[in-house]
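S.K.: Once you've had a glance at the structure underneath, I'll fire off some questions.
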Amino acid sequence: MSVYDPMAAIYDDWAADMTEDVDFYVSLAREANGPVVELAVGTGRVAIPVAEAIGRRVIGIDASPAMLAEARRRAQAARVDLDLRLGDMRALALDEPAALVICPFRSLLHLPTWADRRIVFERVAAALRPGGRFAWNAFVFDPAVAVEIDGVWREEHGIRHRVDYAPADCRIDVTLEAGPAFSLWWVSPSEWAGLLDVSGLELEALYGWFDRRAFAEGSREFVCVARRPEPGRA
Ligand SMILES: C[S@@+](CC[C@H](N)C(=O)[O-])C[C@H]1O[C@@H](n2cnc3c(N)ncnc32)[C@H](O)[C@@H]1O
């Protein structure tokens, strides 16, 4: 049982505002000359269009059986080949080195501690072929947003929910009135840089949105592309 199991039935509505990321991840997948993997694949919202675009199997890993069941159903309906695996991204291990690992829609923020994040980055680095890419996105903590929404019941796409901030733990607790609840831990720019450093990955690009505008003061999203260095290349 995963905290995301009760989200599977309502995930489309929950994710309705997140659409612009799909083309971004598809374009990276088109450039990938080898296996493509999505960590925390969920219902296949991104993996299915990626598999459609590249005409190859995409590996998807997720900790929620219910989210994976939904992904399996949708992949069959779309007639695309997803290799769906129940598992924790902290235990990532692949038989064949990947050309691209993606982790869309802030899923890395489900990891509560620095140690958890470091393990994932190290596992990703080990799973990539030289020159392979790791791409992910995550929200930027904004105190103005926190002041506005902290503890306030809101309704979006028919889902009544609230977000409670726990700044001492860099955490938000998301509670849906219908029952599901989960937490996210935000990450600072220097922490992303540290994770790249310890895992031996190098930053290729840091964008402030999926249209590839540069990350700048006021950006609301980290959109990151990192690369496993190729031997002999500086
Ligand atoms: C916001 S959804 C993102 C799903 C999908 N990537 C997308 O973009 O729509 C977060 C997903 O992360 C999964 N998840 C959370 N922690 C995980 C972990 N440690 N390992 C694998 N999956 C995890 C949840 O089960 C859920 O399906």
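Everything in the sequence shown is counted per numbering that gives the first Met the number 0, starting at 0 for the first residue and increasing by one.
Just so it is clear, CB atoms sit at the ideal spot from N, CA and C, and this is done for glycine as well.
(1) Any heavy atom of ligand 1 inside 7 angstroms of the beta-carbon of Pro-103?
(2) Just the Cα atoms here: how many angstroms apart are Ala-74 and Asp-12?
(3) Relative to ligand 1, is the shortest distance from any of its heavy atoms to the C-beta of Met-0 smaller than 7 angstroms?
(4) Among Val-139, Ile-58, Asp-80, which one has its Cα closest to the Cα of Trp-191?
(5) Does the Cβ of Pro-103 have 16 or more other Cβ atoms within 10 Å, making it buried, or fewer, making it exposed?
(6) Given Gly-131, which residues of its chain have a CB within under 6 angstroms of its CB, disregarding the five upstream and five downstream residues?
(7) Could you check if Val-114 is buried or exposed, using at least 16 other CB atoms within 10 Å of its CB as the buried criterion?
(8) For Leu-85, count the other beta carbons within 10 Å of its own beta carbon; 16 or more makes it buried, fewer makes it exposed. Which is it?
(9) Skipping 5 residues on each side, what residues in its chain have a beta carbon closer than 6 angstroms to that of Val-253?
(10) So is Asp-61 buried or exposed if we call it buried at 16+ other beta carbons inside 10 Å?
(11) Can you tell me whether Gly-41 sits near ligand 1, meaning its C-beta is under 7 angstroms from at least one heavy atom of the ligand?
(12) From the DSSP output, which residues share a beta bridge with Leu-127?
(13) May I ask which residues mark the beginning and end of the beta strand (DSSP E) holding Ile-53?
(14) Say the cut is 7 angstroms; is the CB of Glu-37 nearer than that to a heavy atom of ligand 1?
(15) Here's a check: name, in chain order, each residue in its chain whose Cβ is nearer than 7 angstroms to the Cβ of Asp-141, leaving out the five neighbours to either side.
(16) Taking contact to mean at least 3 C-beta pairs separated by less than 8 angstroms, is the region 201-212 in contact with the region 146-160?
(17) Within a Cβ cutoff of 7 angstroms, which residues of the same chain sit near Gly-178, ignoring the five residues on either side of it in sequence?
(18) Hey, out of Glu-229, Leu-175, Ser-187, whose CA is closest to Glu-201's CA?
M.R.: According to the structure shown:
(1) Indeed, a heavy atom of ligand 1 lies less than 7 angstroms from the Cβ.
(2) Rounded to whole angstroms, Ala-74 and Asp-12 show a C-alpha spacing of 19 angstroms.
(3) False, no ligand heavy atom lies under 7 angstroms from that Cβ.
(4) Minimum Cα distance to Trp-191 is reached at Val-139.
(5) Counting other Cβ atoms within 10 Å of its Cβ, Pro-103 reaches 16 or more and is therefore classed as buried.
(6) Excluding residues within five positions, the ones whose Cβ falls inside 6 angstroms are Ala-97, Ala-98, Arg-227.
(7) The question names Val, yet the displayed sequence has Ala at residue 114. By the Cβ neighbour-count rule, Ala-114 is exposed, with fewer than 16 other Cβ atoms within 10 Å of its own.
(8) Exposed, since its Cβ has fewer than 16 Cβ neighbours within 10 Å.
(9) Past the boundaries of the shown model lies residue 253; the chain is included only from 0 to 233, so the question cannot be answered.
(10) Buried, by the Cβ-count rule.
(11) Yes, since a heavy atom of ligand 1 falls inside the 7 angstroms radius drawn around the Cβ of Gly-41.
(12) Beta-bridge pairing links Leu-127 to Ala-97.
(13) Run containing Ile-53: none in the beta strand (DSSP E); it sits in the alpha helix (DSSP H), 46-53.
(14) With a cutoff of 7 angstroms, Glu-37 counts as near ligand 1, since its C-beta is closer than that to a heavy atom of the ligand.
(15) Excluding sequence positions up to five before and after Asp-141, its CB lies within less than 7 angstroms of the CB of Arg-219, all in the same chain and listed in chain order.
(16) They do not touch, by the three-pair rule.
(17) Pro-5.
(18) Ranked by Cα distance from Glu-201, the first of Glu-229, Leu-175, Ser-187 is Glu-229.
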